[in-house]
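Each remark here refers to the structure printed beneath this line.
Number of protein chains: 2
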Amino acid sequence: MRLDTMAERPSQLDHLEALGDATRFAGQLHALIPKCALLENFSPAEVRLLAHFMTVYNAPAGTEVIHEGDGGDFMLMIIEGKVDVMKRDRWNAPQLIAVVDAGKTLGEMSMIDGEPRFASCVASEPSLIGVLDRESLARIIVEQPMLGAKILMELVLLLSQRLRATSARLLGLLDDNARNASGLH
Amino acid sequence: MRLDTMAERPSQLDHLEALGDATRFAGQLHALIPKCALLENFSPAEVRLLAHFMTVYNAPAGTEVIHEGDGGDFMLMIIEGKVDVMKRDRWNAPQLIAVVDAGKTLGEMSMIDGEPRFASCVASEPSLIGVLDRESLARIIVEQPMLGAKILMELVLLLSQRLRATSARLLGLLDDNARNASGLH
Numbered sequence: 001m002r003l004d005t006m007a008e009r010p011s012q013l014d015h016l017e018a019l020g021d022a023t024r025f026a027g028q029l030h031a032l033i034p035k036c037a038l039l040e041n042f043s044p045a046e047v048r049l050l051a052h053f054m055t056v057y058n059a060p061a062g063t064e065v066i067h068e069g070d071g072g073d074f075m076l077m078i079i080e081g082k083v084d085v086m087k088r089d090r091w092n093a094p095q096l097i098a099v100v101d102a103g104k105t106l107g108e109m110s111m112i113d114g115e116p117r118f119a120s121c122v123a124s125e126p127s128l129i130g131v132l133d134r135e136s137l138a139r140i141i142v143e144q145p146m147l148g149a150k151i152l153m154e155l156v157l158l159l160s161q162r163l164r165a166t167s168a169r170l171l172g173l174l175d176d177n178a179r180n181a182s183g184l185h
Numbered sequence: 186m187r188l189d190t191m192a193e194r195p196s197q198l199d200h201l202e203a204l205g206d207a208t209r210f211a212g213q214l215h216a217l218i219p220k221c222a223l224l225e226n227f228s229p230a231e232v233r234l235l236a237h238f239m240t241v242y243n244a245p246a247g248t249e250v251i252h253e254g255d256g257g258d259f260m261l262m263i264i265e266g267k268v269d270v271m272k273r274d275r276w277n278a279p280q281l282i283a284v285v286d287a288g289k290t291l292g293e294m295s296m297i298d299g300e301p302r303f304a305s306c307v308a309s310e311p312s313l314i315g316v317l318d319r320e321s322l323a324r325i326i327v328e329q330p331m332l333g334a335k336i337l338m339e340l341v342l343l344l345s346q347r348l349r350a351t352s353a354r355l356l357g358l359l360d361d362n363a364r365n366a367s368g369l370h
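Protein chains in written order, with our numbering: chain A, 1 to 185; chain B, 186 to 370.
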């Protein structure tokens, strides 16, 4: 088994310069542990192991790394730099919905469910992006089941936290609207 | 290893009659596969295996099975019956936010992250409830890693879908509010 050739390269990232698998960047990944929800319970050894399954890309400022509406089967980890998350509103105008930086992960939902991307992601600074795709994740689960379970457990945690936050915001807004509609300003 | 004694019994369910592990109900669980997001990709053999790690409870109509705000480390699967999901609004009045029936799962987020329950769940009909707790899930991951990965993968899928739906609703509402605020009725 040649670990160095295991990382996949999604064709949607063909416009980016690929820097090979993430093992060269294991030190940087390790430094991300405290600010990366996905890695927060990883040991340095687990990070090194995961690095074999990720490809790193160079994304100059202004480069789109995820395009809203595309199918997609990979997630991103921002190793260095900053990324704007933009979603088109109902008038098709792109709205900035988040700015994320090193340690944040993006695109987990499509990696898992293959549904169209919810938003676009554009590097707003020169960035280094680690990519993990579904096939690599499936391989981790088969070849390194404990690491696979750990990644999946962290993804569940991460999505739970986002769902709690989003649900609370939605319910707050529904409450406000009900209140306003009833004239209780 | 005695599989029949492996299922855990969370003390928060002490007011319910425990019917033992779910192996006796494997047939019913199997019949849920087509309508249960968690089980949809499970083989009958995997369902039987999972059943060893679940405890089944009898919940008469009116019984609360999850209490909003409680800590909690288990999830529920409705094997039979119907459950109301209620959340208190900012005036502390319980609001019905969903009605769920056989095949639906509840409480996955707290099982994983241990955060307080987002809503209360009350059986609105006599119900049979399968319970999987965090310790049992951890044991599945160690003892049956492929089954563990499958459960986690399904949980990620399920949370992704809920997060997409909730985010879309939130953004739609934010759009509406922005439109109304700008006088574009």
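Just so you know, even glycine gets a beta-carbon here, dropped at the ideal spot from N, CA and C.
These numbers were taken from a predicted model, which means no experiment stands behind them.
Contact set between residue i and chain B, taken where Cβ atoms lie within less than 7 angstroms
{"i": "Phe118 of chain A", "result": "Arg349 and Ser352"}
{"i": "Asp89 of chain A", "result": "Asp360"}
For residue i, the three-state DSSP class (helix, strand or coil)
{"i": "Asp133 of chain A", "result": "strand"}
{"i": "Asp361 of chain B", "result": "helix"}
{"i": "Asp113 of chain A", "result": "helix"}
{"i": "Gln213 of chain B", "result": "helix"}
{"i": "Met191 of chain B", "result": "Confidence in Met191 of chain B is poor, its pLDDT being 48 and thus under 50, which makes the residue's placement unreliable; the coordinate value appears in the next sentence. Coil."}
{"i": "Pro60 of chain A", "result": "coil"}
{"i": "Arg275 of chain B", "result": "coil"}
{"i": "Lys104 of chain A", "result": "coil"}
{"i": "Ala45 of chain A", "result": "helix"}
{"i": "Glu310 of chain B", "result": "coil"}
{"i": "Arg169 of chain A", "result": "helix"}
{"i": "Ala323 of chain B", "result": "helix"}
{"i": "Leu343 of chain B", "result": "helix"}
{"i": "Gly148 of chain A", "result": "helix"}
{"i": "Ala283 of chain B", "result": "strand"}
Beta-carbon spacing of residue i, residue j below 9 angstroms
{"i": "Leu29 of chain A", "j": "Gly130 of chain A", "result": "yes"}
{"i": "Leu224 of chain B", "j": "Glu339 of chain B", "result": "yes"}
{"i": "Gly72 of chain A", "j": "Arg117 of chain A", "result": "yes"}
{"i": "Ala203 of chain B", "j": "Thr240 of chain B", "result": "yes"}
{"i": "Thr290 of chain B", "j": "Leu337 of chain B", "result": "no"}
{"i": "Asp84 of chain A", "j": "Cys36 of chain A", "result": "no"}
{"i": "Glu46 of chain A", "j": "Leu158 of chain A", "result": "no"}
{"i": "Leu317 of chain B", "j": "Leu163 of chain A", "result": "no"}
{"i": "Ser167 of chain A", "j": "Thr248 of chain B", "result": "no"}
{"i": "Ser367 of chain B", "j": "Asp113 of chain A", "result": "no"}
{"i": "Leu170 of chain A", "j": "Arg354 of chain B", "result": "yes"}
Close beta carbons around residue i, own chain, < 6 angstroms, minus the five adjacent residues each side
{"i": "Pro44 of chain A", "result": "His30"}
{"i": "Ser110 of chain A", "result": "Gly72 and Arg117"}
{"i": "Pro219 of chain B", "result": "none"}
Chain A residues whose Cβ lies nearer than 7 angstroms to that of residue i
{"i": "Ile251 of chain B", "result": "Correct list: empty, because the minimum Cβ distance to chain A is about 15 angstroms."}
{"i": "Val341 of chain B", "result": "Ile112, Leu152, Leu155, Val156 and Leu159"}
{"i": "Met294 of chain B", "result": "Ser160, Leu163 and Arg164"}
When the options are compared against residue i, the one with the closest alpha-carbon
{"i": "Phe42 of chain A", "options": "A:Ile141, A:Lys150, A:Ala22 and A:Leu159", "result": "A:Lys150"}
{"i": "Arg24 of chain A", "options": "A:His15, A:Leu13 and A:Leu49", "result": "A:Leu49"}
{"i": "Val99 of chain A", "options": "A:Asp133, A:Pro34, A:Glu64 and A:Ala123", "result": "A:Ala123"}
{"i": "Ala246 of chain B", "options": "B:Asn365, B:Ser312, B:Asp360 and B:Asp286", "result": "B:Ser312"}
{"i": "Gly69 of chain A", "options": "A:Gln12, A:Ile141, A:Asn180 and A:Ser160", "result": "A:Gln12"}
{"i": "Leu74 of chain A", "options": "A:Pro145, A:Arg9 and A:Ala119", "result": "Checking the displayed sequence, the identity of residue 74 of chain A turns out to be Phe instead of Leu. Comparing Cα positions, the closest option is A:Arg9."}
{"i": "Arg364 of chain B", "options": "A:Ile79, A:His67 and A:Trp91", "result": "A:Trp91"}
{"i": "Ala102 of chain A", "options": "A:Ile79, A:Asp176, A:Asp175 and A:His67", "result": "A:Ile79"}
Close beta carbons around residue i, own chain, < 8 angstroms, minus the five adjacent residues each side
{"i": "Met6 of chain A", "result": "Confidence is the limiting factor: at Met6 of chain A the pLDDT is only 48, short of 50, which leaves the residue's position unreliable, though a coordinate-based value still follows. Around Met6 of chain A: Asp21, His52, Phe53, Ser136 and Arg139."}
{"i": "Gln252 of chain A", "result": "Outside the displayed range of chain A (1 to 185) lies residue 252 of chain A, so it cannot be described from this structure."}
{"i": "Leu201 of chain B", "result": "Tyr242, Asn243, Ala244, Thr248, Val250 and Ile314"}
{"i": "Gly292 of chain B", "result": "Ile251, Gly257, Phe259, Met260, Leu261, Arg302 and Cys306"}
{"i": "Asp14 of chain A", "result": "none"}
Partner residues on chain A for residue i, Cβ-Cβ distance less than 8 angstroms
{"i": "Gly333 of chain B", "result": "Pro145 and Ala149"}
Proximal residues to residue i (C-beta, below 7 angstroms), its chain only, five neighbours per side dropped
{"i": "Ile141 of chain A", "result": "Gly148"}
{"i": "Ala304 of chain B", "result": "Glu253, Val270, Met271, Lys272 and Ile282"}
Partner residues on chain B for residue i, Cβ-Cβ distance less than 9 angstroms
{"i": "Glu40 of chain A", "result": "What Glu40 of chain A touches in chain B: nothing, since even the nearest Cβ is about 12 angstroms away."}
Chain-ordered neighbours of residue i on chain A, where CB pairs are closer than 9 angstroms
{"i": "Leu355 of chain B", "result": "Thr166, Ser167, Arg169, Leu170 and Leu173"}
Proximal residues of chain C, C-beta to C-beta of residue i below 9 angstroms
{"i": "Glu300 of chain B", "result": "Of the protein chains in this structure, namely A and B, none is chain C."}
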